[in-house]
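Line by line, the protein sequences give chains H and D. The first sequence maps to residues -15 to 398 in the numbering used here. The second sequence maps to residues 3 to 169 in the numbering used here. For every residue, glycine included, the Cβ atom is placed at its ideal position computed from N, Cα and C. Here the structure is a predicted model, which means the values were calculated and not measured. The structure appears below as structure tokens.
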Amino acid sequence: MAFEDQRTTVYKVDPTHPESETLPTLRTEELLLNMGPQHPSTHGVLKVILELEGERLVKSTPVMGFLHRGVEKLAEEGTYHQFIPHTDRLDYVCAMYNNFAYCRAVEKLMNITVPKRAEYLRTIVAEVQRIIGHQFWLGTQALDIGAMTVFFYCFRDREILLDWFDELCGARLTTSWYRIGGVERDFTPSLLAKLTQFLDYFPPKIDEYIVFLEKNRIWLARTKGVAVVSAEDAVNFGLSGPTLRGSGVDYDLRKAEPYSAYPKCEFNVPLGKNGDTYDRYWIRVMELYESVKIIRQCLEQIQDGPIMADVPSVTLPPKERVFTNLESMIQQFKLFSQGFDAPPGEIYCGTEAHKGELGFYIVSAGGGKPYRLKIRAPSFIHMGAFDHMSRGYMIADAITLFGTYDIVMGECDR
Amino acid sequence: MSLQQLASRIQENFNPGFVKAVEWRGDLAVTVTREALHQVAQFLHDDPAMDFDYIVHVSSVDWPDDEPRFEVVYEFYSIRKRHRIRLKARVPESDCVVDSLTDIWKGADFMEREVYDMMGIRFRHHPDLRRILMPDDYAEGYPLRKDFPLRGRGWRDTFEFLDETAR
Chain H
-15 MAFEDQRTTV YKVDPTHPES ETLPTLRTEE LLLNMGPQHP STHGVLKVIL
35 ELEGERLVKS TPVMGFLHRG VEKLAEEGTY HQFIPHTDRL DYVCAMYNNF
85 AYCRAVEKLM NITVPKRAEY LRTIVAEVQR IIGHQFWLGT QALDIGAMTV
135 FFYCFRDREI LLDWFDELCG ARLTTSWYRI GGVERDFTPS LLAKLTQFLD
185 YFPPKIDEYI VFLEKNRIWL ARTKGVAVVS AEDAVNFGLS GPTLRGSGVD
235 YDLRKAEPYS AYPKCEFNVP LGKNGDTYDR YWIRVMELYE SVKIIRQCLE
285 QIQDGPIMAD VPSVTLPPKE RVFTNLESMI QQFKLFSQGF DAPPGEIYCG
335 TEAHKGELGF YIVSAGGGKP YRLKIRAPSF IHMGAFDHMS RGYMIADAIT
385 LFGTYDIVMG ECDR
Chain D
3 MSLQQLASRI QENFNPGFVK AVEWRGDLAV TVTREALHQV AQFLHDDPAM
53 DFDYIVHVSS VDWPDDEPRF EVVYEFYSIR KRHRIRLKAR VPESDCVVDS
103 LTDIWKGADF MEREVYDMMG IRFRHHPDLR RILMPDDYAE GYPLRKDFPL
153 RGRGWRDTFE FLDETAR
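Structure, rendered in structure tokens:
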């Protein structure tokens, strides 16, 4: 392909050099390299156009939208309840947290208070999902960098939790367990037993992950001092989650605007110092311990009670009543065919998912459907800082950069 | 600083530009004129009592029956002061341009590109205003406008996949 003229620079040999007459003129030019859309390390279909000087990145331009499905447009066509399964397909690695964030936003719009037991159940499952998300991230990031063993260990333990989800709601990845006003069903004794067993089993496994990586020279060389972002820039770009906290900014919505059962739990928010890939890795691993702590506290504090708010005009009736009781069936039918009547107004509600702040901005003009629904997807906003964070590093570091954002294209492109 | 104090402080400083402030469900939404949008945003970012250093999202709403038709929505948060605000401005269809805020928050770059792609609102002084989610040669218009049908305008029906690969 032809390059523009200004990119080509001709290096003239120093005229004082004794052989300057005979040496040829060196011609150097910047190279354009397309990385993706089909590349195993791009975590989905993403293309980045890299401008290279030698092996150094001069500029990188992300080209996104290969997975764009128009979820925001679809939201305007269905009722509030009908949108819950769509949120699963945003960040398909962590569907539970998307459901959670969406249901919280609608509850804020409708001014619904969720019963206490449901809040604890939600927090427990959300933290289980955070563990799954971080395991998935750690496994794939290590695999990208070249440490294969960690991948197998992470996915072995992730499988236990996915089977647990399977027992909880009948699906491993696209779960749809959260409901507006509560949750779909309660824990069974078997689920509780399995979760307690996992909590004893898991912390030594985290130590194991760390052992694999803490003295791995390749891992350290490729994460320490790579993709550094300062605290000011991280805030200015709107980064969130571990990507922001890696630069030492103390911003976690679970602490800043406590929701669900988080205010009743004691946990730390790990912070980084250097803002490099290694600090972001360290934060995520530390958050695994914190999640275990949160789940333990929730299991101790949880008490019996209803799992769904008692607002019949909005919340769904229990499934067993739908099959036996005519009124409940009519209620279910009306809620899904017409939806509930939302008051006109607009809200924004952000939730701390394991990637960062997952927010829903809902504009209601009355009626059963959202007038406008905007998803604040952390992956998308992190990609905005890609060019800034990649400049000056090597081509291979671009791969660790995708990883360090924990990017999932389903959420990025929506 | 309470949300009312925030609103009244903006009103004091921008008397002609300020349109209204609405507090609902604990969220503060301030509407300004689009001429004042950049100035107000700069004030929100720089003023030590405001200190909105974090950009949460940029969005847009289409109200086809109203005049001006479109609404640009910015949401800011202050990490040090722990308060948030929603800044809105109306944009008419005939002159669908607002000033870009990329010089204040660098994160606004991709978010504004998405608004342009989905709603067709242009941002003045934006460094790289191209489509971001839809293809560059997408010719059906702006998908999130209310007059855009859910199934699209027939562009996809003209795809000839088999011919393309056989060529």
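Chain-ordered chain D contacts of residue i [CB-CB under 7 Å]
i: MET459 (chain H); result: The structure shown does not extend to residue 459 (chain H), since chain H is modelled only from -15 to 398, so the question has no answer here.
i: VAL233 (chain H); result: ILE81
i: ASP263 (chain H); result: Within 7 Å Cβ-Cβ: nothing; ASP263 (chain H) doesn't reach chain D, min ~18 Å.
i: ASP397 (chain H); result: LEU135
Beta strand (DSSP E) segment containing residue i, residue limits
i: HIS59 (chain D); result: 56 to 64
i: CYS138 (chain H); result: From DSSP, CYS138 (chain H) is part of no beta strand (DSSP E) but of the alpha helix (DSSP H) over 132 to 153.
i: LYS43 (chain H); result: 40 to 47
i: TRP26 (chain D); result: 20 to 26
i: THR335 (chain H); result: 329 to 336
i: GLU395 (chain H); result: Segment 393 to 397 is the alpha helix (DSSP H) holding GLU395 (chain H); no beta strand (DSSP E) there.
i: PHE78 (chain D); result: 72 to 79
i: TYR345 (chain H); result: 341 to 348
i: LYS100 (chain H); result: Premise fails: LYS100 (chain H) lies in the alpha helix (DSSP H), 100 to 129, not in any beta strand (DSSP E).
i: ILE202 (chain H); result: It is not in any beta strand (DSSP E) - ILE202 (chain H) instead sits in the alpha helix (DSSP H) that spans 201 to 207.
i: VAL32 (chain D); result: 29 to 34
i: ARG88 (chain H); result: Looking at the DSSP string, ARG88 (chain H) is not in any beta strand (DSSP E); the run it does join, the alpha helix (DSSP H), is 79 to 94.
i: ASP125 (chain D); result: The question names Asp, but residue 125 (chain D) is Phe in the sequence shown. Element bounds for PHE125 (chain D): 124 to 126.
For residue j and residue i, believed in contact at Cβ under 8 Å, the rounded distance
i: ARG88 (chain D); j: LEU30 (chain D); result: 7 Å
i: MET94 (chain H); j: ALA326 (chain H); result: 6 Å
i: TRP161 (chain H); j: LEU152 (chain H); result: 6 Å
i: ARG375 (chain H); j: LEU41 (chain H); result: 6 Å
i: ALA89 (chain H); j: CYS333 (chain H); result: 4 Å
i: PHE370 (chain H); j: PRO46 (chain H); result: 5 Å
Chain-ordered neighbours of residue i on chain D, where CB pairs are closer than 8 Å
i: ASN95 (chain H); result: ARG27
i: GLY334 (chain H); result: VAL58
Listed by chain order, chain H residues near residue i by CB distance under 8 Å
i: ALA31 (chain D); result: GLU330
i: PRO145 (chain D); result: GLY54 and LYS57
i: PHE112 (chain D); result: PHE364, ILE365, MET367 and GLY368
Residue i: first and last residue of the uninterrupted alpha helix (DSSP H) it sits in
i: LYS239 (chain H); result: 237 to 240
i: GLY387 (chain H); result: 379 to 389
i: PHE320 (chain H); result: 310 to 321
i: SER374 (chain H); result: 370 to 374
i: VAL298 (chain H); result: VAL298 (chain H) -> no alpha helix (DSSP H), and no H or E assigned at all.
i: LEU272 (chain H); result: 261 to 285
i: ASP191 (chain H); result: 173 to 198
i: GLU116 (chain D); result: 110 to 121
Contact set between residue i and chain D, taken where Cβ atoms lie within less than 9 Å
i: ASN220 (chain H); result: ASP55, TYR56, ILE57, ILE106, TRP107, LYS108 and GLY109
i: ALA382 (chain H); result: In chain order: nothing, as chain D lies at least about 17 Å away.
i: ASP191 (chain H); result: Residues of chain D passing the Cβ test: none, with the nearest at roughly 33 Å.
Partner residues on chain H for residue i, Cβ-Cβ distance less than 9 Å
i: ALA69 (chain D); result: Here the sequence assigns Glu to residue 69 (chain D), which means Ala is not the residue at that position. The premise fails here: GLU69 (chain D) is roughly 17 Å from chain H at the closest Cβ pair, so nothing lies under 9 Å.
i: VAL63 (chain D); result: GLU330, VAL347, TYR355, ARG356 and LYS358
Residue i Cβ short of 8 Å to the ligand MG heavy atom set
i: ILE379 (chain H); result: The model on display carries no ligand, and the ligand MG is accordingly not part of it.
Exercise. Quick one, which residues of the region 12 to 33 of chain H are near chain D if we go by CB-CB under 7 Å, in chain order?
Worked result: Answer in chain order: no residues at all.
Exercise. Taking one C-beta from the region 276 to 290 of chain H and one from the region 253 to 267 of chain H each time, how about it: are there three or more such pairs within less than 8 Å?
Worked result: Here the region 276 to 290 of chain H does not lie against the region 253 to 267 of chain H, with fewer than 3 beta-carbon pairs under 8 Å apart.
For this session: Would you be able to state if there are at least three C-beta pairs under 8 Å between the region 94 to 104 of chain D and the region 124 to 137 of chain D?
Result: By the C-beta criterion, the region 124 to 137 of chain D is judged to be in contact with the region 94 to 104 of chain D, since at least 3 inter-stretch pairs fall below 8 Å.
Exercise. Between the region 339 to 367 of chain H and chain D, which residues of the former have CB atoms less than 8 Å from a CB of the latter, in chain order?
Worked result: Listed by position along the chain: GLU341, GLY343, TYR345, VAL347, TYR355, ARG356, LYS358, ARG360, PHE364, ILE365 and MET367.
Exercise. Between the region 25 to 41 of chain H and the region 375 to 387 of chain H, do at least 3 Cβ pairs fall closer than 8 Å?
Worked result: The region 25 to 41 of chain H makes contact with the region 375 to 387 of chain H: 3 or more CB pairs, one atom from each, lie closer than 8 Å.
Problem set entry | Near-chain D residues of the region 39 to 66 of chain H - C-beta to any C-beta below 7 Å | Per Cβ criterion, the list reads MET48, GLY49, HIS52, GLY54, GLU56, LYS57 and GLU61.
Exercise. Of all the residues that make up the region 75 to 100 of chain H, which are near chain D by a beta-carbon distance shorter than 9 Å?
Worked result: Those would be LYS92, LEU93 and ASN95, in chain order.
Problem set entry | Touch test, the region 50 to 60 of chain H against the region 308 to 319 of chain H, Cβ-Cβ under 8 Å, three pairs minimum | Segment contact: the region 50 to 60 of chain H against the region 308 to 319 of chain H, fewer than three CB-CB distances shorter than 8 Å; contact not assigned.
Exercise. Can we say the region 341 to 361 of chain H touches the region 68 to 86 of chain H, given the rule of at least three CB pairs closer than 8 Å?
Worked result: Yes: at least three Cβ pairs fall under 8 Å.
Exercise. Counting pairs of Cβ atoms below 8 Å between the region 157 to 171 of chain H and the region 297 to 304 of chain H, do you hit three or more?
Worked result: With three or more CB-CB distances shorter than 8 Å, the region 157 to 171 of chain H counts as touching the region 297 to 304 of chain H.
For this session: Give a yes or no on contact between the region 347 to 358 of chain H and the region 50 to 68 of chain D, applying the rule of three or more CB pairs nearer than 8 Å.
Result: Three or more pairs of CB atoms, one per stretch, sit closer than 8 Å, so the region 347 to 358 of chain H contacts the region 50 to 68 of chain D.
Problem set entry | the region 222 to 255 of chain H: positions lying closer than 7 Å to chain D by Cβ | So the close ones are GLY222, VAL233, TYR235 and ALA240.
Exercise. Closer than 7 Å, Cβ to any Cβ of chain H: which residues of the region 79 to 103 of chain D, in chain order?
Worked result: The region 79 to 103 of chain D vs chain H, Cβ under 7 Å: ILE81, ARG84 and ARG88.
For this session: May I ask you to verify whether the region 242 to 259 of chain H touches the region 270 to 282 of chain H, counting CB pairs closer than 8 Å and requiring at least 3?
Result: The region 242 to 259 of chain H, when compared against the region 270 to 282 of chain H, does touch it at the 8 Å Cβ threshold.
Problem set entry | At least three beta-carbon pairs within less than 8 Å, the region 89 to 97 of chain D to the region 35 to 43 of chain D | The region 89 to 97 of chain D is in contact with the region 35 to 43 of chain D.
For this session: May I ask you to verify whether the region 68 to 80 of chain D touches the region 185 to 200 of chain H, counting CB pairs closer than 8 Å and requiring at least 3?
Result: For the pair of segments examined, the region 68 to 80 of chain D was found not to touch the region 185 to 200 of chain H: the number of CB pairs separated by less than 8 Å stays below three.
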